[in-house]
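A.B. asks:
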Amino acid sequence: MALGTLPNEAAILPMAIFGITAVALFLYDTIEPDSTNSEMLAGISVLGSLSALGVTGWYLVAGTGQPETEGAIRIFDDALVVDGMSLFFTALIASVVTLVVLASYDYVKDQEKQAEYYSLLLLAATGMATMSAANSLVTGFIALELSSLPSYALVAYLKDNKGSVEAGLKYFLIGALSSAVLAYGISLVYAATGSLQFEAVAAVLADGEAIEAPGVLGLGVMMVIGGFAYKTASVPFHFWAPEAYEGAPAPIAGFLSSASKAAGFVLAFRVFTVAFGGPAGEAAILETVDWVVAFQILAVATMTVGNFAALKQEKVKRMLAYSSVGHAGYVLIALAALTEGADHQLVLGSGMAHLLVYGFMNTGAFMFIALTEHWGVGREFEDFNGLSQEAPFAAAAMSIFLFSLAGLPLGGGFFSKFYLLMASINGGVALLAVALVVNSAVSLYYYTRVVKAMWVEEPNGDLEIESYPTGLYAAIAIAAVATVLLLPGFGIVIDTAQMAAGMLV
Amino acid sequence: MAPQGGVVVAAIALPFLGAALVPLLYRLFGRVGGRLDEEGVGYVGAGVALTSFALVVSQVGEAGVVSFSWIPSLDVALRLQVDGLAVLFALLASGIGVCIFTYAARYMHGKDNLGRFFGTLLAFMGSILGVAFAADLVVLFVFWELTSVCSFVLIGYYTDDDESRYSARMAMLVTVGGGLCLLVAVAMLAIGAEAAFGARTFDLAAMLAEPEAMRAALETKGLFLPAMGLLVVAAAAKSAQVPLHFWLPRAMVAPTPVSAFLHSATMVKVGVYVLGRTRPLFVGEEWTLLVATLGLVTMAVGALLAVLATDIKELLAYSTASHLGLMVAGFGLGSHYGAEAGAFHLFNHALFKAALFLVAGIVAHEVGTRDIDELGGLWRDLPVTALITGVTALSMAGIPPFGGFYSKEILFEATWEAAAHDGGATWLFPALAVFASIFTVVYSLRFLWLFVGDRPEGTTVAHRPSPLLVAPAALLAVLVAVTSVVPDLAIDAVVNDAAAATAVHDVEIHAALPTHVTPPVAMSAVAVGGGVAAFRVVEDVRTAIGRVHAGLHAVHPEAVYDRLLSVTETASASLGPLVHNGLVRTYVSWALIASSALALAGYASATVAIPSLSTEVPVTIVLVLGVAVLAAIATTRAEAHVTGVLTLGILGFMVAIFYILASGPDLALTQLIVETLVLLIFLLVIEQMPAFYGELDRRIAARDAVVSLFVGATATVTVLVAAPSADRPLSDTARYYVDSAVPEGGGANVVNVILTDFRALDTLGESIVIAVAALSVLVLLAMRGRGEVR
């Protein structure tokens, strides 16, 4: 088939590699319990994530599951599908995991239970990669839980740190509530349509007569939106995010805000474009419940709350957490601008591209936070004063991340935001465009606060930096190079994203 | 003749390459030591600027577009256009760049972080060259924003200065905020192009080639005025037009070479340049009304504020705003005179203002103060500098026969022509222009008087300035002088072509001294005469302006900016605690409210009807549920935790009785067991909790009551909507189970039969899961207190 001599099941190899790596780490831990051999553990993890990235890249280049070969590869009775979308997001998740593992090498070197840390990380990655390929509400839900459960534990990894444990507990409580909402929504959709597989749901919806109870379906769709809003840290289900990110080890915060968010979005994209949207289902579902309008409200609220709350934060990590909420709002445009007559390929593709760019620039920013935590310089804006004098390279990389997050053309962040703007205008939703622009202006204010602290302010007291950890520096350097290269190389990204989006809409 | 793409790209790329290498060179030179490390990088920068300048010179007189593919799917490409306007702007940027780098090498001698300084300055120059040649809207925007970022770094160079930090951020916010407007305008233009050409494109050159088609497309889409307005706002922010002018004087905390380069000759001109570039697309009545008015008002306000200034750099900054207003006004007026005035003044202003800033730097460097009141009679100590100032300040004042006179004369001509053509309120145009020019003469003379007259006591000149500081300013002054004597030299070389690129009519710039009286000549006479007269009573004039200025304090844009920032910050500070106070119960209530709202919105958008309730409810059920409601109310009012939990128990048991009455004994049994367990757990937990939390806040209680009522109501509506109506037939699945429960399962309770018979395997699986979980708990309990290894 499309994979040449390989069986179709080989298409899920990237996910399998994540899972196998997680199990390998468990095995290593069984043979040598409580190992503190960080080189070995981080090495296995990097090897795993890089192999996953490599295989995904190979599939993308070879055209596996894409229109130029034989189209999407469906396996396990259509429960999983490997296509451009799933490969795009698997590549994104694998890149982020690689960066996170590199950074974690220095961050958790002196901690206990490192094997558990790395294997939980890779288990979560397995869940996220599976989310990107889920083609049925039930596989989607299971994958989502597979990615969530390890995340709760990872947030609370610093067991002796009160903030970390509190954050983990809160994350778990809100997560449990939101999972319940999502599961309830899924069951209602099943009750109304009698199916869980996306195309089957769409087929039922296309045949408007077959819907047994429109009220139940509407409620179900709304509840599903709520569940995804939690996973992507969108208002009003974002409450866990600032606290979880702040309390979590910084590499985990980067992991959750980039990869986890992307995984939530890819599932949402699929559910809403294939099951509740698409050429067949669109008419029927929009009669029942206009989810595009719901997403418009959510997008504007998320952008505004995230950015305005970030404005006055005193801690840099918490500011980044709120900014991450704001970025979820930007990506929501990809669903909110799917109005009738819009170029759906453009709209969806721009959201995907933003997530990819965001994966690098945001992870990079959190890696810099990890670096400052490693140095122990403090968490507030004032504590970053004059960092450029001690660590000019890291400070320059951080400035690139922040400017790119703000949408200035120092990195790919500019283009992805610009595409989102084009998408909002193309969708004819002026409010989204206005909110995007206003919030970008607001975000510039708090991002420049960090840049100003690092470059312009004088250091407070004696700022002494003793070590320059290799792993963290490597992660930051890779992320910075990727962020910058995504400016000239954005054409490839957006073309891939639009090709992938074109397979769904 | 077609331009050479490689040459243009090299001219733009070289400064960026230099920017990357200069910090390394700086370290290298530092290691070598000697004089090389102090000034070497500056001269390297000058060399790069000179090379770029030479490359641009090689393209003079050529016209055309070169293109390199970038993002084909949206037709974004690295398109570079060579024409008169682009070449003029690029020549100014790189040429003045040479002077600035030479000057800065000496001026910044011995300062810290010079590698970063010169690197950024080079990157800045590259960005300006990029803006100049950009023929693609996206490319234009990228370089436009890069200039803002570089300027942010350069303004914040003096890190120990409080004002410097404040100003850097202000400049950044205003110009980048303006840039976002440009971004939206770009998107709108692209949509217009899609309608006009049938394909989405960002090709500015193509749009300018078909202005009529673009206009028509934009107008049908209703985007013409929004796009124009946003573009003008962006340009106004960048080019310091009223009321967004306030960042420019603030930016003067930057080192003088930066002020001279960025805030007089180049960056602030980017806005003007873009207005000139897009002029053919928009020019018309609305354009004139908006842009010409904006420019003339800025011209007047800037001139007044410059007269009021007490610091020489502040004076020059406001004067820059005023002159930018002149160029904007020129481009705003529809006639060919407007285009000529804008392009020609762009050229003149760059020369004289850069020189004047360099002079200001020399004065500050040698005398040690920038306060106008403390300066005077400097010609004795700084004769060459005084001569430079004489030529350039008179050009700034627009006094014949100096260069600035010619371009201002053309503007007068343009305003007169517009007024004569349209009449009515447009007569304000020439009036405003003359009014502003009077004060232009006043502040120019004030600056010149630094060198004339007597020296105030206590002012001493440290030493003669280094020739390397004076030479760049002298070179610029010589160019001003040449333009004054033979203006046609510059006009023929590039200025006329530049004006032609911005015009929709034929352009033929005439610059000569007047031989007979025409309205513009009279206007010039009034301006110069009035200015000289006003200068004689300059202190009175300043007091009067100062009084008005102080009276308008509340509406000063800077005050508005500060207020806006503080309001936003306050809003943000209060938003945090409101939605995010660290308490899980707040988050839960938000999540519940949101879910309920989503659900209700779902029903509303689906327009489902709430089924009517049947009225036949047995009295016993009403009684039991009534007790349950009473128990619920009592729970909220319970004094002690134990009472609360016990009353909650009553509620639960009432629900169990309700199940019995509604013929669901198995459910009732489950409910009773759960209720009892929960009660026990509660009682155990309460032991560990404090008996008293604090006083009840009535407002919070009321809020919680509203939230719970809302959530409860939603739940009720959900039950009503989701419950199958009584008359609906059973589904096929339900029918199957009901029919086969007794014959195949042997039980009358259908639910039980499904669990234990039809789906017995599922039940077994679930039981296994529970057993495994229980075993895990046991293991964990057994291992409590010791690790896995020990």
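From first to last, the protein sequence lines stand for chains A and B. Quick note on our numbering: the first sequence kicks off at 32 and runs consecutively. Quick note on our numbering: the second sequence kicks off at 70 and runs consecutively. The beta carbon of each residue, even a glycine, is placed where N, CA and C say it ideally should be. Just so it is clear, the structure is predicted and the values come from calculations on it, not from any experiment.
Is the region 210 to 223 of chain A in contact with the region 155 to 164 of chain A, if contact means three or more CB pairs nearer than 8 Å?
C.D. replies: no
A.B. asks: Apart from the five residues on each side of it in sequence, which residues of its chain come closer than 7 Å, Cβ to Cβ, to residue 716 of chain B?
C.D. replies: As a working note, residue 716 of chain B is residue 647 in the second sequence. So the qualifying residues of the chain are 700, 703, 704 and 707.
A.B. asks: To test your reading of the DSSP string, which unbroken alpha helix (DSSP H) runs of 4 or more residues are found completely within the region 310 to 344 of chain B?
C.D. replies: Listed in chain order, they are 316 to 319 and 325 to 329.
A.B. asks: Looking only at its chain, what residues have a beta carbon closer than 8 Å to the beta carbon of residue 558 of chain B, apart from the 5 residues adjacent to it on each side?
C.D. replies: Taking the second sequence and counting its residues from 1, one reaches residue 558 of chain B at position 489. These residues qualify, in order along the chain: 551 and 552.
A.B. asks: Give the DSSP-derived three-state secondary structure of residue 376 of chain A in the structure shown.
C.D. replies: The residue given as residue 376 of chain A occupies position 345 in the first sequence. Residue 376 of chain A: helix per DSSP, three-state reduction.
A.B. asks: Check for me: the alpha helix (DSSP H) holding residue 518 of chain B runs from which residue to which?
C.D. replies: Residue 518 of chain B sits at position 449 when you count from the first residue of the second sequence. Note, residue 518 of chain B: premise wrong, no alpha helix (DSSP H); not H, not E.
A.B. asks: Among the residues of its own chain, which have a CB less than 7 Å from the CB of residue 148 of chain B, if the five just before and after it don't count?
C.D. replies: As a first step, residue 148 of chain B must be located in the second sequence, where it is residue number 79. Take residue 148 of chain B, set aside five residues on each side of it, and the residues of its chain with a beta-carbon closer than 7 Å to its own are 134, 136, 204, 205, 208, 272 and 274, in chain order.
A.B. asks: Around the C-beta of residue 781 of chain B, are 16 or more other C-beta atoms found within 10 angstroms, so that it is buried, or is it exposed?
C.D. replies: Within the second sequence, numbered from 1, the residue matching residue 781 of chain B stands at position 712. Flag for residue 781 of chain B reads exposed.
A.B. asks: Any Cβ of chain B within less than 9 Å of the Cβ of residue 312 of chain A?
C.D. replies: Your numbering for residue 312 of chain A matches position 281 in the first sequence. Residue confidence is low: residue 312 of chain A scores 43 on pLDDT, short of 50, so the model does not pin down where it sits. No coordinate-derived value is stated.
A.B. asks: Kindly list the residues whose CB is nearer than 7 Å to the CB of residue 521 of chain A, restricted to its own chain and excluding five residues on each side of it in sequence; keep chain order.
C.D. replies: Position 490 of the first sequence, counted from the start, is the residue given in the question as residue 521 of chain A. Excluding positions up to five away in sequence, the list reads 443 and 446.
A.B. asks: Quick one: what's residue 203 of chain B bridged to in DSSP?
C.D. replies: Numbered from 1 along the second sequence, position 134 holds the residue referred to as residue 203 of chain B. BP columns for residue 203 of chain B point to B/149.
A.B. asks: What whole-angstrom Cβ distance do residue 319 of chain B and residue 240 of chain B have, given they're in contact under 8 Å?
C.D. replies: The residue given as residue 319 of chain B occupies position 250 in the second sequence. The residue given as residue 240 of chain B occupies position 171 in the second sequence. Correct: roughly 7 Å between the Cβ atoms.
A.B. asks: Would you mind stating whether residue 527 of chain A and residue 91 of chain A have Cβ atoms separated by less than 9 Å?
C.D. replies: Counting from one through the first sequence, the residue named residue 527 of chain A turns up at place 496. Counting from one through the first sequence, the residue named residue 91 of chain A turns up at place 60. Yes.
A.B. asks: Is it true that the region 353 to 365 of chain A meets the region 406 to 420 of chain A, where meeting means three or more beta-carbon pairs spaced less than 8 Å apart?
C.D. replies: no
A.B. asks: Starting from the beta carbon of residue 250 of chain A, find every residue of chain B whose beta carbon is closer than 8 Å, and list them in chain order.
C.D. replies: As a working mapping, residue 250 of chain A is identified with position 219 in the first sequence. The answer, in chain order, is 668, 671, 672, 787, 790 and 791.
A.B. asks: Would the beta-carbon of residue 541 of chain B fall within 9 Å of that of residue 472 of chain B?
C.D. replies: Position 472 of the second sequence, counting from 1, holds the residue named residue 541 of chain B. Position 403 of the second sequence, counting from 1, holds the residue named residue 472 of chain B. Result no, Cβ atoms of residue 541 of chain B and residue 472 of chain B do not sit closer than 9 Å.
A.B. asks: Using the three-state DSSP reduction, which class does residue 134 of chain B fall into: helix, strand or coil?
C.D. replies: For the purposes of this step, residue 134 of chain B is identified with residue 65 of the second sequence, where counting begins at 1. Residue 134 of chain B falls in the strand class under three-state DSSP.
A.B. asks: Do you know whose CA, among B/421, B/131, B/498 and B/369, lies nearest residue 401 of chain B's CA?
C.D. replies: The residue labelled residue 401 of chain B in the question sits at position 332 within the second sequence. Closest option to residue 401 of chain B, judged by alpha-carbon separation, among B/421, B/131, B/498 and B/369: B/498.
A.B. asks: Pull up the distance between the alpha-carbon of residue 614 of chain B and that of residue 415 of chain B, whole angstroms please.
C.D. replies: Within the second sequence, numbered from 1, the residue matching residue 614 of chain B stands at position 545. Within the second sequence, numbered from 1, the residue matching residue 415 of chain B stands at position 346. Approximately 28 Å between the Cα atoms of the pair.
A.B. asks: Taking only three categories from DSSP, how would you classify residue 606 of chain B?
C.D. replies: Position 537 of the second sequence, counting from 1, holds the residue named residue 606 of chain B. Three-state DSSP puts residue 606 of chain B in coil, outside helix and strand.
A.B. asks: For the alpha helix (DSSP H) containing residue 105 of chain A, name the first residue and the last one.
C.D. replies: Taking the first sequence and counting its residues from 1, the one referred to as residue 105 of chain A is at position 74. Segment 104 to 106 is the beta strand (DSSP E) holding residue 105 of chain A; no alpha helix (DSSP H) there.
A.B. asks: Give the straight-line distance between the Cα atoms of residue 205 of chain A and residue 270 of chain A, rounded to the nearest whole angstrom.
C.D. replies: As a working mapping, residue 205 of chain A is identified with position 174 in the first sequence. As a working mapping, residue 270 of chain A is identified with position 239 in the first sequence. Spanning the two alpha carbons is a distance of roughly 8 Å.
A.B. asks: When the Cα atoms are used, what is the spatial distance from residue 468 of chain A to residue 281 of chain A?
C.D. replies: Taking the first residue of the first sequence as 1, we reach residue 468 of chain A at position 437. Taking the first residue of the first sequence as 1, we reach residue 281 of chain A at position 250. Their Cα atoms are separated by approximately 29 Å.
A.B. asks: Among A/213, A/264 and A/395, which has the Cα closest to the Cα of residue 424 of chain A?
C.D. replies: Taking the first residue of the first sequence as position 1, residue 424 of chain A is located at position 393. Checking every option, the nearest Cα to that of residue 424 of chain A belongs to A/395.
A.B. asks: With a cut-off of 8 Å on the beta carbons, I'd call residue 191 of chain B and residue 95 of chain B a contact; round off their distance for me.
C.D. replies: If you number the second sequence from 1, residue 191 of chain B lands on position 122. If you number the second sequence from 1, residue 95 of chain B lands on position 26. That pair is no contact at about 12 Å.
A.B. asks: What in chain B is Cβ-close to residue 507 of chain A, meaning under 7 Å?
C.D. replies: Within the first sequence, residue 507 of chain A is the residue found at index 476, counting from 1. Ordered by position in chain B, no residue passes the 7 Å Cβ test against residue 507 of chain A, which lies about 18 Å from the chain.
A.B. asks: In chain B, which residues lie with their C-beta within 7 Å of the C-beta of residue 521 of chain A?
C.D. replies: On the first sequence, position 490 is the one that residue 521 of chain A refers to. In chain order: 140.
A.B. asks: Under the assumption that residue 13 of chain A contacts residue 437 of chain A (Cβ atoms under 8 Å), give the Cβ distance between them as a whole number of angstroms.
C.D. replies: The structure shown does not extend to residue 13 of chain A, since chain A is modelled only from 32 to 536, so the question has no answer here.
A.B. asks: Quick one: which chain A residues come within Cβ less than 8 Å of residue 632 of chain B?
C.D. replies: Reading the second sequence from its first residue, position 563 is the one you call residue 632 of chain B. When 8 Å is used as the limit between beta carbons, residue 632 of chain B is near no residue of chain A, the shortest such separation being about 15 Å.
A.B. asks: What is the rounded straight-line gap between the Cα of residue 72 of chain A and the Cα of residue 203 of chain A?
C.D. replies: In the first sequence, the residue the question calls residue 72 of chain A occupies position 41. In the first sequence, the residue the question calls residue 203 of chain A occupies position 172. Between residue 72 of chain A and residue 203 of chain A, the C-alpha separation is close to 27 Å.
A.B. asks: When you compare each of A/277, A/308 and A/374 to residue 193 of chain A by their alpha carbons, which one comes out closest?
C.D. replies: Your numbering for residue 193 of chain A matches position 162 in the first sequence. Among A/277, A/308 and A/374, the Cα nearest to that of residue 193 of chain A belongs to A/277.
A.B. asks: If we cut at 9 Å on Cβ distances, does residue 225 of chain B have a partner in chain A?
C.D. replies: For the purposes of this step, residue 225 of chain B is taken as the residue at position 156 of the second sequence. Yes, residue 225 of chain B lies at the interface with chain A (some Cβ there is under 9 Å from its Cβ).
A.B. asks: Roughly how many angstroms separate the alpha carbons of residue 328 of chain A and residue 805 of chain B, rounded to a whole number?
C.D. replies: Against the first sequence, residue 328 of chain A aligns to sequence position 297. Against the second sequence, residue 805 of chain B aligns to sequence position 736. The alpha-carbon atoms of residue 328 of chain A and residue 805 of chain B are separated by roughly 44 Å.
A.B. asks: Using the three-state DSSP reduction, which class does residue 310 of chain A fall into: helix, strand or coil?
C.D. replies: Counting from one through the first sequence, the residue named residue 310 of chain A turns up at place 279. The predicted model places residue 310 of chain A with a pLDDT of 47, which falls under 50 and marks its position as unreliable; any figure quoted below should be read in that light. Residue 310 of chain A: helix per DSSP, three-state reduction.
A.B. asks: Mind checking whether residue 472 of chain A and residue 246 of chain B have CB atoms under 9 Å apart?
C.D. replies: The count along the first sequence starts at 1 and reaches residue 472 of chain A at position 441. The count along the second sequence starts at 1 and reaches residue 246 of chain B at position 177. The answer is yes: Cβ separation under 9 Å.
A.B. asks: In the DSSP assignment, the alpha helix (DSSP H) including residue 746 of chain B goes from what residue to what residue?
C.D. replies: Taking the second sequence and counting its residues from 1, the one referred to as residue 746 of chain B is at position 677. Annotation: the continuous alpha helix (DSSP H) that includes residue 746 of chain B extends over 734 to 755.
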